[in-house]
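Taking it in order: structure first as structure tokens, then the write-up.
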Amino acid sequence: MSWLDRVGDRAEELMHAHALMESSRSAEACLILEQVINTTDDPYSRADALLQRLSAILNLGRTAEYTRAVEQAFDAARDLPDPYLHGHLHALAALAAHNQGALDRCVTHLVRGSRALGSVEDPDRETAWGWHDLAMAYSYLSFHGYALGAIERARRLGLTSGIPEETFAAPGIRLRNAVALDHHGDSDGCLRVLRDVGGDLERFVRAGTAGQLRPSSRAAYGYALARRAALGAAADRPEVPELDPAWLLANGGDSTRTRDMRQLGGACLAIAAGRPAEAITRLESIQISAETLGAAEHARLSSLAYAGIGDHAAAHRADRYAFRLATQRNDRLRDVYVDGIAARIEHEEMRREAARYEGEALTDPLTGLPNRRRLERYVAGMVSRGEPAVIGVVDLDGFKAVNTAHGHHSGDLVLQRIAGVINRVMRRGDFVARYGGDEFVVVLPGAGMAEAGEVGRRIGAAVAAEDWESLVPGTPVGVSVGFAEVRASGTGLRDALGTAFELADREMLRAKARIHAAP
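UniProt numbering puts the sequence shown at residues 1 to 519.
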């Protein structure tokens with residue numbers, strides 16, 4: 001039973017409010033949701049309305065209402081056991097905590113949100129939106145690998161529920177990754193990611209589906225194009241509005257993040273057009289939330305503008321300030337983990353709570369996929385129940401060359417994209433993990449070798465179809481895949497997994513050898 005099936009009344013009004021928020025019309029949605037909250041007697045309808053109102057309040061930046069809205073939503077959900085509801089609430093509460101500067105509380109909500117959403121037995125379109133909001137929270141906290149994994153999960157669930165790919169394009173996640181690279185001095189890496197973001201937009205425009213983009217996505221695409229131009233990347237004159245950064249920024253909806261990007265984007269476009277003095281004037285007259293694109297973004301744009309007018313001393317000061325702001329963010333995160341979490345664990349009550357964070361130790365932080373430890377538990381549990389399966393080893397071809405030619409950050413981006421590609425083509429119920437390095441493992445419950453061969457072909461074709469040239473120019477990326485059956489029970493579980501993995505690894509090496517031997 002899906003979440004909306006549980007809603008006893010006012011379902012049409014709740015769906016209408018959701019549609020308004022998808023169109024970045026959160027203020028209108030709030031009016032409908034307030035009416036439902038004040039008049040419904042159905043606990044599920046009330047909980048859904050409070051959940052959506054919290055999302056709308058976050059979009060509108062009404063910070064004074066965050067704490068009360070979070071409390072009311074959790075109060076309404078307390079007696080409702082649905083894991084989707086609690087997972088989505090924790091995702092939104094993480095965004096609220098982040099905007100309030102409470103990073104330790106934000107991390108707690110992220111962990112609980114991920115665990116709850118991951119336990120939904122029959123995920124639907126509402127679950128997809130929960131993963132989307134969790135991805136946004138990861139992204140704002142600069143957990144870019146987790147964010148990419150969560151948004152890919154949202155995209156896959158959305159596609160199976162009839163949600164177009166463009167709805168969960170989420171360019172803002174990669175945009176924040178790009179500007180973070182620039183804030184830390186890696187402008188080339190920033191440009192590579194921004195080029196990749198722009199390439200996705202061009203793909204949607206060519207396919208005629210750009211009109212399905214959410215307004216907030218338009219704003220992020222517009223800022224990506226404007227930011228790239230401010231860094232000096234040449235841009236063609238747009239032939240259609242959907243590729244014009246000014247048009248995209250002007251049609252980005254009513255959220256506070258869109259407003260911030262619109263104002264910063266105007267400064268970027270002035271810098272790109274050779275009007276740095278105008279950019280400085282713009283930057284001096286605006287107030288921007290540090291949470292939209294990082295506290296360092298305003299200072300970094302000021303540095304670019306000062307450089308444009310030839311005041312290199314001021315540009316250097318602004319650049320150093322931007323770098324210091326970016327570093328302070330890392331220091332705050334370190335304090336959360338090293339000081340705050342460690343101190344709590346030492347307390348006896350928090351020792352019991354620490355078990356709730358086990359999921360972090362079972363997840364690969366770069367890709368957001370399950371790690372080797374979680375893979376072993378999954379396979380052990382499956383074969384102990386006598387369930388047959390096929391295990392596959394997926395190894396990257398050319399990954400060493402990527403790290404050598406483009407650096408380890410580009411290598412990380414390749415691994416993140418490979419993780420997303422593999423997830424995208426797997427069957428419903430399949431399991432994907434990062435085993436280590438550039439090696440991934442897939443588990444196909446109930447499958448035979450013929451089905452495994454088809455999955456392997458899909459993985460290879462999907463990887464080959466990716467635009468690697470824009471991410472790692474001149475360095476081709478591919479995969480080799482090998483499969484083997486896993487069958488065992490009782491005390492032979494560990495041996496069965498080891499044997500199957502060894503056989504699959506051997507088949508993968510044979511596949512790799514065939515690739516190298518091909519003319």
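Note that beta-carbon positions come from the ideal geometry of N, C-alpha and C, so glycine has one too.
Anticipated Cβ contact below 8 angstroms, residue i with residue j, distance rounded
i, j, result
"M426", "V442", "7 angstroms"
"L293", "R176", "6 angstroms"
"M261", "L249", "6 angstroms"
"G158", "A178", "Contact doesn't hold; Cβ gap of about 24 angstroms is too wide."
"residue 527", "L213", "This structure cannot speak to residue 527, because the chain is shown only from 1 to 519."
"A313", "L369", "Not really, about 47 angstroms apart at Cβ, beyond 8 angstroms."
"L396", "V486", "Actually they do not touch by this definition, with Cβ atoms about 23 angstroms apart."
"V393", "A504", "4 angstroms"
"G253", "A219", "7 angstroms"
"G87", "A116", "3 angstroms"
"V472", "M508", "V472 to M508, Cβ: 22 angstroms. No contact."
"G198", "R228", "7 angstroms"
"T256", "G61", "3 angstroms"
Cβ neighbour criterion (16 or more within 10 Å) applied to residue i
i, result
"E202", "exposed"
"A500", "buried"
"S285", "exposed"
"N38", "exposed"
"A354", "At A354 the pLDDT is 42, less than 50, meaning the model places this residue with poor confidence; the figure from the coordinates comes in the next sentence. Counting Cβ neighbours within 10 Å, A354 comes out exposed, since fewer than 16 surround it."
"M15", "exposed"
"S384", "exposed"
"P123", "buried"
"D339", "Its pLDDT being 46, under 50, D339 is placed unreliably by the model, and the measurement read from it follows with that caveat. Per the 10 Å Cβ criterion, exposed."
"T171", "Per the sequence presented here, residue 171 reads as Pro, with Thr not at that position. Result: buried."
"M31", "What sits at residue 31 in the sequence shown is Leu, not Met. With fewer than 16 Cβ atoms within 10 Å of its Cβ, L31 is classed as exposed."
"H298", "buried"
"E121", "exposed"
"E242", "buried"
"Q287", "exposed"
"A465", "exposed"
"V259", "Residue identity check: residue 259 is Arg in the sequence provided, not Val. Classification of R259: buried, given that the 10 Å Cβ count is 16 or more."
"M449", "exposed"
Residue(s) in a DSSP beta bridge with residue i
i, result
"R434", "F440"
"P370", "T363"
"P445", "A389"
Residue range of the unbroken beta strand (DSSP E) whose run includes residue i
i, result
"F168", "No beta strand (DSSP E) contains F168, which DSSP labels as neither H nor E."
"D397", "389–397"
"G482", "478–486"
Extent of the continuous alpha helix (DSSP H) to which residue i belongs
i, result
"I37", "26–39"
"D196", "187–207"
"S470", "468–471"
"D244", "Counting along the chain, D244 falls outside any alpha helix (DSSP H), and DSSP gives it neither H nor E."
"M426", "Run containing M426: none; DSSP gives neither H nor E here."
"H16", "11–22"
"G145", "144–160"
"D236", "Unbroken run through D236: none, as it is neither H nor E."
"E121", "Segment: none, E121 is in no alpha helix (DSSP H) and carries neither H nor E."
"H90", "83–99"
"G266", "256–272"
"D48", "43–60"
"I280", "276–284"
"S289", "Per DSSP, S289 belongs to no alpha helix (DSSP H) and is neither H nor E."
"E65", "Taken as a continuous stretch (DSSP letters only), E65 belongs to no alpha helix (DSSP H), as it is neither H nor E."
Within 8 angstroms, strictly: CB atoms of residue i and residue j
i, j, result
"D82", "R10", "no"
"T367", "R434", "yes"
"G130", "A69", "no"
"R282", "D182", "no"
"A180", "S217", "no"
"R156", "N423", "yes"
"A169", "D200", "yes"
"L95", "L58", "yes"
"R125", "I163", "yes"
"A135", "H109", "no"
"A47", "S26", "no"
"T475", "G407", "no"
"L460", "V432", "For the record, residue 460 in the displayed sequence is Gly; it is not Leu. No. Outside cutoff."
"V390", "A295", "no"
"P445", "E387", "yes"
"L33", "L85", "no"
Proximity test, residue i beta-carbon vs the ligand HEM heavy atom, cut-off 7 angstroms
i, result
"R510", "The model depicted lacks the ligand HEM and carries no ligand whatsoever."
8 angstroms Cβ cutoff, residue i in contact with chain D
i, result
"A97", "Protein chain content of the structure displayed is limited to a single chain, and chain D is not contained in it."
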